[in-house]
Amino acid sequence: MALIVKKFGGSSVANAERVFNVANIIVNDYKKGNDVIVVVSAQGDTTDDLIEKAKEINPDGASKREMDMLLSAGEQISISLLAMAIEKLGYPVISLLGWQAGFNTDSHYGFARIKNLNTERLKNEIDKRNIVIVAGFQGINRYDDITTLGRGGSDTSAVAIAASMKADLCQIYTDVDGVYSADPRKVDTAKKMDEITYDEMLELAAMGAQVLNNRSVEMAKKYNVELEVLSSLENKPGTIVKEIVKMEKTLIKGVAKDTNVTRISIVGVADTPGIAFKIFNKLAQAKVNVDTILQSVGRDGTKDITFTVPGDQCKTALKALENAKDIIDYKEISCNEKIAKVSIVGAGMESNPGVAAKMFEALYDAGININMISTSEIKISVLIDVDYADRAVKAVHDKFID
Ligand code: ADP
Ligand code: ASP
Ligand code: MG
């Protein structure tokens, strides 16, 4: 007997047939005597549809608090429907919203962090031998307001429960049968991995491989929660994400693409100490996540600072910079949203010179121009025109992975 946490993504519960499919997977484990806690996302494209509805009301952007109130409704629908399906199969079940399940978060609406998980209710329900269905992606802050954890946040909800309840297994069910060397929907030569380390998965996720949310991997690594990514439609083993992988270290594990990237250039700032601090401090205060940064020499003793932010934080970043115009004197700010980031990830690249050159060669052969480059010990990222993103992923993937 074990305690199993299972998470099902939106496509796995998209319609009644899929909901029953998931109900059967859950019941199968429960019947064997296991305790089962399930985390679900909103059905299909519900979250995207709700975002569109909000835009119909306020195209300039509703307040983040009200957005969270709206978006959390998606998961309320899916947990109750799944619970009803399990009831219909004749098993004891209860659905819980994030706050009922004990998810306490900070007040960063739209991208809240879990501060603690009060497991009392979860434990009580498990003791009663109930199957527990928890709404992913949501919690409550100290003002008793609903918060959400950021897109793809249900993965994090599942890992948090697995960590706090010391679950024996944490399974992330989705619409592909594991983690691949690139998005299998975009690159037909992508290879499925049996195992991947937390660090490699973390980089792949952070670089845009949406199959796992990066915060969920961060948390899994911190609390040593072994994850399995597997299909809800095919009954076969998936990919295990864990600390040490037995397999031989390959040079490059995977290629990822992120199209939610905007490049901001601040042109003509004074070439004096403290400018970078002032700029990035203002952005940090506005809670903007800054990525690749490039500083270049401009004209007449000035310099230009260019960096990237997630596309959905661009407005916030520009507002923060405009408000700080008197502190950071600049000539102009330009913005390019038609940018994608393509990255290669692999722990083997640390000790292998020539990896970067090989990546750039693949892009050169494909006739794709590189805008900016950034590297870390286990990844190399390039910024390119978004229109070439899929071609770039394929070219780079096929250069490294055969
Ligand atoms: P869910 O709704 O189950 O959370 P997501 O859409 O968030 O599912 O994530 C699954 C999708 O991630 C897949 O359909 C696939 O297209 C995409 N994906 C991107 N990169 C990878 C990768 N390296 N391996 C597997 N899937 C990937
Ligand atoms: N429903 C949320 C989203 O679409 C959370 C999730 O799917 O994990 O982002
Ligand atoms: Mg997801």
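Numbering follows the working numbering, with no gaps: position 117 of the sequence shown is 109.
All C-beta atoms, glycine included, are put in the ideal place defined by N, C-alpha and C.
Beta-ladder partner(s) of residue i, from DSSP
| i | result |
| --- | --- |
| residue 248 | 335 |
| residue 328 | 255 |
| residue 131 | 139 |
| residue 184 | 172 |
| residue 160 | Paired residue(s): none; residue 160 is not in a bridge. |
| residue 364 | 375 |
| residue 223 | 166 |
| residue 262 | 294 |
| residue 299 | 256, 285 |
| residue -4 | 28, 161 |
| residue 126 | 31, 88 |
Proximity test, residue i beta-carbon vs the ligand ASP heavy atom, cut-off 8 Å
| i | result |
| --- | --- |
| residue 97 | no |
| residue 207 | no |
| residue 60 | no |
Heavy atom of the ligand MG within 8 Å of residue i beta-carbon
| i | result |
| --- | --- |
| residue 277 | no |
| residue 147 | yes |
| residue 203 | yes |
| residue 224 | no |
| residue 33 | yes |
| residue 144 | yes |
Closer than 8 Å: residue i CB and nearest the ligand ADP heavy atom
| i | result |
| --- | --- |
| residue 177 | yes |
| residue 181 | no |
| residue 173 | yes |
| residue 397 | Since the displayed the chain opens at -7 and closes at 394, residue 397 lies outside it and no answer follows. |
| residue 3 | yes |
| residue 88 | no |
| residue 339 | no |
| residue 246 | yes |
| residue 168 | yes |
First and last residue of the uninterrupted beta strand (DSSP E) at residue i
| i | result |
| --- | --- |
| residue 377 | 371 to 377 |
| residue 287 | 285 to 289 |
| residue 234 | 231 to 234 |
| residue 23 | Here residue 23 belongs to no beta strand (DSSP E); instead the alpha helix (DSSP H) covers 8 to 23. |
| residue 188 | 187 to 189 |
| residue 356 | Residue 356 -> not in any beta strand (DSSP E); alpha helix (DSSP H) instead, spanning 347 to 357. |
| residue 85 | 85 to 88 |
| residue 76 | Segment 56 to 81 is the alpha helix (DSSP H) holding residue 76; no beta strand (DSSP E) there. |
| residue 106 | 106 to 109 |
| residue 96 | 95 to 97 |
Test item: CB-CB of residue i and residue j under 9 Å
| i | j | result |
| --- | --- | --- |
| residue 374 | residue 335 | yes |
| residue 149 | residue 1 | no |
| residue 32 | residue 155 | no |
| residue 322 | residue 282 | no |
| residue 220 | residue 164 | yes |
| residue 63 | residue 104 | no |
| residue 250 | residue 333 | yes |
| residue 70 | residue 92 | no |
| residue 286 | residue 312 | no |
| residue 341 | residue 243 | yes |
| residue 109 | residue 95 | yes |
| residue 214 | residue -5 | no |
Residue range of the alpha helix (DSSP H) that includes residue i
| i | result |
| --- | --- |
| residue 385 | 381 to 392 |
| residue 211 | 206 to 214 |
| residue 218 | Unbroken run through residue 218: none, as it is neither H nor E. |
| residue 269 | 267 to 277 |
| residue 43 | 38 to 49 |
| residue 321 | Note, residue 321: premise wrong, no alpha helix (DSSP H); not H, not E. |
| residue 314 | 306 to 315 |
| residue 115 | 112 to 119 |
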